[in-house]
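Below: one structure, written as C-alpha cells.
Residue numbers (the working numbering): 16 to 326.
Right under this line is the structure:
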C-alpha cells in the first residue's frame, strides 16, 4: 500500500522533465565553411560558392563589381589578374574565401595598358635588345645580315641617347612621342633627302646609315592597331639599289600612325610590324631605305628592335 503512493509522484516528475524547455539540450549550430570554384571562357567567368551551413553569399570580383548570388557569372571588361573574395554567412557566423584569376590580355591591352591605365603605356627601345634583334633584308623571312648586340646604339653607333625616347599608347587611340634631346633615331638617306637637321652623327653611325635627326612630335597624334593584315611592301635590292620587288607579309600585326609620326625609326615607311608582344616587351620590324638610286624612297633593309615597357 505504501509503495503505490510513489507512482503518481514519479509520473509527475517525468512529465515535468519532458515539457520543461529549459531542461532540453540546446541544438548545435555549425559554423559555415567556404571555398571558391570557377571556370573561365575568354573573359567570362562562372563562379560557384562551395559552402556548408551558409544562407547568404557576398562576392567581390576584384574589378569593382559584386554579387549576392551563390553561383554568379561575371564578365570582365579586360584581361589581367584579379583577386576574388567571397564572404558566406549563416546562423553560425561567417566564412571567407579568396582566390586569384588570370585572364589573357588582348594585344591592345598589352600595348596600351587598357582602361586601367588612363595615362597610357610607354615604351622605349630596349638597350638589352634580344637574340632576335637584327638588321635584315626585306624578304619574306627577314634574313639577318647583322645582329644587334646589347647596347649597340651606344657602343657601336654613338647614339645611346636614343634609348631614352619614349612612345606612349593610350586605350583611346591617342599617341604621345617624347624624344628627349629633340632628335630621333633615323635613316641617314631619309634625313639627307628631306634636308632634316642632324642632331647627332658619328663616323660609326654614318657607316651603318643611321643618325639622330631633328624632329618635333605631333600634337594630338593617333595610332591604328591592325591585329591581322596582309602587309604588302615594295622594296628595292640592297645589293644593287635598282631592282624592285614586292613582298607580302600575310596576317601580321601592324601599327600605323597619323601624320608624320612613327615609332623607333624615322624613315620613309612608317608602318611597322609587331612580331611579338607581351605585357613587358614587344619586338618590332621597322623598314629603312639605305640605297641612293632612283628608288631611294623604297625600303631595302628591316631594322628589328625589341622595345620594353617603361616602369
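Using N, Cα and C, we set each Cβ at its ideal position, and we do this for glycine too.
As the structure is a prediction and not an experimental result, all values here were calculated from the model.
Asked                                                                                                                                                                  : Found
Provide the residue(s) that pair with residue 293 in DSSP beta bridges, ordered along the chain.                                                                       : For residue 293, which the question treats as bridged, DSSP gives no partner whatsoever.
Within a Cβ cutoff of 8 Å, which residues of the same chain sit near residue 174, ignoring the five residues on either side of it in sequence?                         : 168, 200, 215, 217, 220, 225, 226 and 227
Provide the residue span of the beta strand (DSSP E) that contains residue 268, from first to last.                                                                    : 259 to 272
In angstroms, rounded to a whole number, what distance separates the CA positions of residue 324 and residue 190?                                                      : 15 Å
Could you check what DSSP says for residue 242 in three-state terms: helix, strand or coil?                                                                            : strand
Do residue 84 and residue 72 have their CB atoms nearer than 8 Å?                                                                                                      : yes
Going along the chain, which residues of its own chain have a beta-carbon closer than 7 Å to the beta-carbon of residue 177, five neighbours each way excluded?        : 140, 168, 200 and 227
Unbroken beta strand (DSSP E) runs of length 3 or more, entirely within the segment 73 to 158: which are they?                                                         : 88 to 90, 95 to 105, 108 to 118, 136 to 140 and 149 to 152
Take residue 258 as the anchor and find which of 315, 107 and 285 has the nearest alpha-carbon.                                                                        : 315
Mind checking which residues open and close the beta strand (DSSP E) that includes residue 338?                                                                        : An answer regarding residue 338 cannot be provided, because it is not within the stretch 16 to 326 covered by the chain.
For the segment 149 to 162 and the segment 127 to 137, state whether three or more C-beta atom pairs, one from each stretch, are separated by less than 8 Å.           : no
Quick one: grab the DSSP three-state call for residue 253.                                                                                                             : coil
According to DSSP, is residue 206 helix, strand or coil?                                                                                                               : helix
Buried or exposed for residue 230, please, with buried defined as at least 16 other CB atoms from any protein chain shown within 10 angstroms of its CB.               : buried
Counting contacts by CB-CB distance shorter than 8 Å, is residue 52 in contact with chain D?                                                                           : Looking at the structure shown, chain D is missing, and only one protein chain is on hand.
Buried or exposed: where does residue 319 fall if 16 or more other Cβ atoms within 10 Å of its Cβ makes it buried?                                                     : buried
Roughly how many angstroms lie between the CA atoms of residue 162 and residue 284, to the nearest whole one?                                                          : 22 Å
Am I right that residue 293 and residue 125 are in contact with their C-beta atoms under 8 Å? What's the rounded C-beta distance?                                      : 7 Å
Contact between the segment 258 to 270 and the segment 113 to 120 is defined here as three or more beta-carbon pairs at a separation below 8 Å; is this criterion met? : no
Could you compute how far the alpha carbon of residue 50 sits from the alpha carbon of residue 102?                                                                    : 10 Å
Taking just the CA atoms, how far does residue 123 sit from residue 66?                                                                                                : 38 Å
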